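Working notes, beginning with the structure itself.
Number of protein chains: 2
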Amino acid sequence: MGWIDEVFDGVRYGLAGSVIAEAESPFQRVTIIDSERYGKGLLLDGCWMTAERQERHYHEALVHPALCGAASIERVLVIGGGDGGTARECLRHPGVQQLDMVEIDGLVVELSQKHLPSLGAGAWSDPRLQLTIGDGIAWAANAADASYDVVIVDGSDPAGPAEGLFNRAFFDHCRRILKPGGVFATQSESPEAFRQVHLDMVLLLREVFGQADPMYGWVPMYPSGWWSWTFAARDGRPYLQPQADRAASVAAGCEIWSPRWQRGAFEAVPAAIERALNA
Amino acid sequence: MGWIDEVFDGVRYGLAGSVIAEAESPFQRVTIIDSERYGKGLLLDGCWMTAERQERHYHEALVHPALCGAASIERVLVIGGGDGGTARECLRHPGVQQLDMVEIDGLVVELSQKHLPSLGAGAWSDPRLQLTIGDGIAWAANAADASYDVVIVDGSDPAGPAEGLFNRAFFDHCRRILKPGGVFATQSESPEAFRQVHLDMVLLLREVFGQADPMYGWVPMYPSGWWSWTFAARDGRPYLQPQADRAASVAAGCEIWSPRWQRGAFEAVPAAIERALNA
Chain C
1 MGWIDEVFDG VRYGLAGSVI AEAESPFQRV TIIDSERYGK GLLLDGCWMT
51 AERQERHYHE ALVHPALCGA ASIERVLVIG GGDGGTAREC LRHPGVQQLD
101 MVEIDGLVVE LSQKHLPSLG AGAWSDPRLQ LTIGDGIAWA ANAADASYDV
151 VIVDGSDPAG PAEGLFNRAF FDHCRRILKP GGVFATQSES PEAFRQVHLD
201 MVLLLREVFG QADPMYGWVP MYPSGWWSWT FAARDGRPYL QPQADRAASV
251 AAGCEIWSPR WQRGAFEAVP AAIERALNA
Chain V
1 MGWIDEVFDG VRYGLAGSVI AEAESPFQRV TIIDSERYGK GLLLDGCWMT
51 AERQERHYHE ALVHPALCGA ASIERVLVIG GGDGGTAREC LRHPGVQQLD
101 MVEIDGLVVE LSQKHLPSLG AGAWSDPRLQ LTIGDGIAWA ANAADASYDV
151 VIVDGSDPAG PAEGLFNRAF FDHCRRILKP GGVFATQSES PEAFRQVHLD
201 MVLLLREVFG QADPMYGWVP MYPSGWWSWT FAARDGRPYL QPQADRAASV
251 AAGCEIWSPR WQRGAFEAVP AAIERALNA
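Sequence order for the protein chains is C and V.
Here the numbering used here is used: the first residue of the first sequence is 1, the next is one more, and so on.
Here the numbering used here is used: the first residue of the second sequence is 1, the next is one more, and so on.
Structure follows, in structure tokens:
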């Protein structure tokens, strides 16, 4: 036992535990730990990604505003998300008929399936899941116009393999491949620890989609603990209003998300961030 | 330079920096540090309390829902708050005529005035501030019925000198000394790191006041980074609706708080907490 820390900008967040697996993929260093407080967890290049007992804050927030808001949810694309948590939350919606998941790093999937089976849970064997190990940016570029109801980007920070998930060319394709009434969702970093990256993402998404709304919540293991997800749509802002039947089908199984929580999280824009976004 | 950490329940949060002053009071160990990321900071018995560039998340959230919601704000009582940040935010409201602040530990005030002058700022020399070094619990017990418009509890965790700030006898007095239309505010711990303490506080305040509402936000340096403040009133829930003139007088100077942010923070009740509060 010892401390496993992520150090960022003069701050460290550490969990007491031990490393149980570590390997280098062509893309990054993948580490699996076993912690006292949150069970087994995953780091990529030394940055906290997820842990068994601290993953729902992130996955519920990313998935349900999009899946409860889109006009239809038959075809869903998830880019990234190799730990399986995003796929699991998507597949809790019975209306999803096909979920294409494109993860660049097969080692993340392999080690998550082995050590963090509760993250993906039944998703890995769900016949609706089509898992591709490959480049999600190329996938989006090659997908047909108006071919997805929901596009979800579940990537890591804008450095290393996830860097291309934060630019206009990629977001243009995400919009292009959405069906009418479709919704786009992405994690959008911390308004505190990555303030400028967060602002740039929201403003760029507003340019590409016409409008985009950040939503604020918590992931204790991420830098500052304060996190955001940003949503945009082909038409209007349908992600702001969960459809009652879809919300009812998932709400009882959620730890964090509820229609009320979501309403609050979209409103809880910190004053200085709101001023910067409107400047 | 090195790391100064708070360790809690298998998790550590550390800032790179150095200790610049440390002393034992009759109540606790008081430590002042200088950090790279957030400037100078304060710990009590090894627990993070505040820092120059990370204090507004906490102080704005504690103060403005109460000061913008109460029927009148002429007489305000602050129990604890020895770093001065709560007094500073209160005194930004021109309607406050007298602010009684009762802090048990004179060493906290002394070291905060010396090392963290931006926390209290002009409050320390404001003629409206009546500072008493003494027992806030006894102060509340001895105060006359209906003598304060607002009562704010800015204490540390329920162990050591702050333990008596979390029980029914104390809350009964806080209610008794409020004027009609008056508002009570307290920090109410993390719904994640101190889940049961948080739930117990909200439920007890609902018993004492008839109703009480938790509000959720962020203090990155506190355990889990996810924090709450709970508000209650003599009559109704006036803290939910900021009065426009008072809000306008402070909003431009706020980093986090705004009427919109507050509306969201009261709604962003995590699903599992809402279920537990309604069980």
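Backbone N, C-alpha and C fix where the C-beta goes; we use that ideal spot for every residue, glycine too.
Just so we're clear, the structure is a prediction, and the values are computed from it rather than from any experiment.
Taking only three categories from DSSP, how would you classify residue i?
{"i": "Phe-8 of chain V", "result": "strand"}
{"i": "Val-19 of chain V", "result": "strand"}
{"i": "Ser-258 of chain V", "result": "coil"}
{"i": "Gln-54 of chain C", "result": "coil"}
{"i": "Val-151 of chain C", "result": "strand"}
{"i": "Glu-103 of chain V", "result": "strand"}
{"i": "Gly-80 of chain C", "result": "strand"}
{"i": "Glu-24 of chain C", "result": "strand"}
{"i": "Arg-29 of chain V", "result": "strand"}
{"i": "Ser-118 of chain C", "result": "helix"}
{"i": "Ser-190 of chain C", "result": "coil"}
{"i": "Gly-253 of chain C", "result": "helix"}
{"i": "Asp-172 of chain V", "result": "helix"}
{"i": "Gly-164 of chain C", "result": "helix"}
{"i": "Arg-195 of chain C", "result": "helix"}
{"i": "Asp-126 of chain C", "result": "coil"}
{"i": "Asp-157 of chain V", "result": "coil"}
{"i": "Arg-237 of chain V", "result": "coil"}
Name the residue from the options whose alpha carbon lies nearest to the alpha carbon of residue i.
{"i": "Ala-138 of chain V", "options": "V:Ala-123, V:Gln-113 and V:Asp-172", "result": "V:Asp-172"}
{"i": "Ile-256 of chain V", "options": "C:Pro-242, C:Arg-128, C:Trp-229 and C:Arg-275", "result": "C:Arg-275"}
{"i": "Tyr-58 of chain V", "options": "V:Ala-265, V:Pro-270, V:Ala-279 and V:Asn-278", "result": "V:Ala-265"}
{"i": "Glu-192 of chain C", "options": "V:Ala-87, V:Gly-41 and V:Gly-225", "result": "V:Gly-225"}
{"i": "Met-49 of chain C", "options": "C:Asp-9, C:Asp-83 and C:Leu-165", "result": "C:Asp-83"}
{"i": "Phe-166 of chain C", "options": "C:Arg-175, C:Arg-176 and C:Gly-155", "result": "C:Gly-155"}
{"i": "Gly-85 of chain C", "options": "C:Leu-67, C:Cys-174 and C:Leu-62", "result": "C:Leu-62"}
{"i": "Tyr-148 of chain V", "options": "V:Val-76, V:Ser-188 and V:Leu-119", "result": "V:Val-76"}
{"i": "Cys-68 of chain V", "options": "V:Tyr-216, V:Leu-178, V:Gln-241 and V:Gly-134", "result": "V:Gln-241"}
{"i": "Ile-4 of chain V", "options": "C:Gly-10, C:Val-219 and C:Gly-2", "result": "C:Gly-10"}
{"i": "Glu-110 of chain C", "options": "C:Glu-22, C:Pro-223 and C:Asp-157", "result": "C:Glu-22"}
{"i": "Asp-157 of chain V", "options": "V:Asp-100, V:Val-151 and V:Asp-45", "result": "V:Asp-45"}
{"i": "Tyr-13 of chain V", "options": "V:Asp-34, V:Ala-121, V:Pro-223 and V:Ser-190", "result": "V:Pro-223"}
{"i": "Pro-238 of chain C", "options": "C:Ser-125, C:Asp-213 and C:Gly-95", "result": "C:Asp-213"}
{"i": "Leu-116 of chain C", "options": "C:Glu-207, C:Ala-251, C:Gln-54 and C:Ile-79", "result": "C:Gln-54"}
{"i": "Ala-252 of chain C", "options": "V:Ala-232, V:Ile-273 and V:Gly-17", "result": "V:Ile-273"}
Identify the residues that DSSP records as bridge partners of residue i: which are they?
{"i": "Asp-213 of chain C", "result": "C:Phe-231"}
{"i": "Asp-34 of chain V", "result": "V:Ser-18 and V:Lys-40"}
{"i": "Arg-75 of chain V", "result": "V:Gln-98"}
{"i": "Tyr-13 of chain V", "result": "C:Tyr-13 and V:Glu-6"}
{"i": "Cys-47 of chain C", "result": "C:Leu-44"}
{"i": "Trp-226 of chain C", "result": "C:Trp-218"}
Taking only beta-carbon atoms, is residue i less than 8 Å away from chain V?
{"i": "Glu-189 of chain C", "result": "no"}
{"i": "Pro-220 of chain C", "result": "yes"}
{"i": "Gly-14 of chain C", "result": "yes"}
{"i": "Val-11 of chain C", "result": "yes"}
{"i": "Ser-258 of chain C", "result": "yes"}
{"i": "Ala-244 of chain C", "result": "no"}
{"i": "Arg-175 of chain C", "result": "no"}
{"i": "Phe-266 of chain C", "result": "yes"}
{"i": "Cys-47 of chain C", "result": "no"}
{"i": "Trp-124 of chain C", "result": "no"}
{"i": "Arg-237 of chain C", "result": "no"}
{"i": "Glu-276 of chain C", "result": "One point to set straight first is that residue 276 of chain C is Ala, not Glu, in the sequence displayed. No, its Cβ sits nowhere closer than 8 Å to a Cβ of chain V."}
{"i": "Trp-261 of chain C", "result": "yes"}
{"i": "Cys-90 of chain C", "result": "no"}
{"i": "Cys-293 of chain C", "result": "Lying outside 1 to 279, the shown extent of chain C, residue 293 of chain C is not represented and no answer is given."}
Kindly indicate the opening and closing residues of the alpha helix (DSSP H) around residue i.
{"i": "Asp-245 of chain C", "result": "244-250"}
{"i": "Gln-113 of chain V", "result": "106-115"}
{"i": "Ile-133 of chain V", "result": "Here Ile-133 of chain V belongs to no alpha helix (DSSP H); instead the beta strand (DSSP E) covers 129-133."}
{"i": "Trp-139 of chain V", "result": "136-142"}
{"i": "Asn-278 of chain C", "result": "271-278"}
{"i": "Gly-85 of chain V", "result": "85-91"}
Indicate whether at least one CB of chain C lies closer than 8 Å to the CB of residue i.
{"i": "Gly-41 of chain V", "result": "no"}
{"i": "Ile-152 of chain V", "result": "no"}
{"i": "Gly-225 of chain V", "result": "yes"}
{"i": "Val-269 of chain V", "result": "yes"}
{"i": "Arg-37 of chain V", "result": "yes"}
{"i": "Trp-229 of chain V", "result": "no"}
{"i": "Ala-251 of chain V", "result": "yes"}
Which two residues bound the contiguous beta strand (DSSP E) that contains residue i?
{"i": "Phe-184 of chain C", "result": "178-187"}
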